[in-house]
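For the sequence shown, the numbering used here begins at 5 and goes up steadily by one. Worksheet for the structure shown next.
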Amino acid sequence: MRQTLRQTVIAVCQRKIQQKGDNVGLSFYAFFANKNDQPELLMEAATWWIQTHQLDHFEKAVKIMALVKDGK
């Protein structure tokens, strides 16, 4: 996963946790606007989420942030 996407994922996870608590869940769509203006980046996030880590549609933000920070 490219560094800019990692930074976005961490920032979004931190914001969601701050707003809704440690139990908040999200999908990889949370890292993008509601339009498909970055299809390559969206597919990179989807591949990381679905193929690489075989995550459910919604996962805890703390789990996602930990995976990204660990470089997985």
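Glycine included, every Cβ here is placed at the ideal spot set by N, Cα and C.
Residue i versus residue j - alpha carbon distance
| i | j | result |
| --- | --- | --- |
| Thr56 | Lys76 | 9 Å |
| Gln22 | Val28 | 9 Å |
| Gln42 | Glu63 | 22 Å |
| Met69 | Cys17 | 6 Å |
| Lys39 | Met47 | 13 Å |
Neighbourhood of residue i by C-beta distance below 8 Å, restricted to the same chain and skipping five residues each side
| i | result |
| --- | --- |
| Lys73 | Ile14 |
Sequence-distant residues of its chain with Cβ nearer than 7 Å to residue i (five each side left out)
| i | result |
| --- | --- |
| Ala49 | Leu9, Phe32 and Phe35 |
| Trp53 | Phe32 and Leu59 |
| Leu45 | Leu9 |
| Leu71 | His57 |
| Thr12 | Phe35 |
Other residues of its chain near residue i: CB distance less than 6 Å, five sequence neighbours each side excluded
| i | result |
| --- | --- |
| Val66 | Asp26 |
| His61 | Ser31 |
| Met5 | Trp52 |
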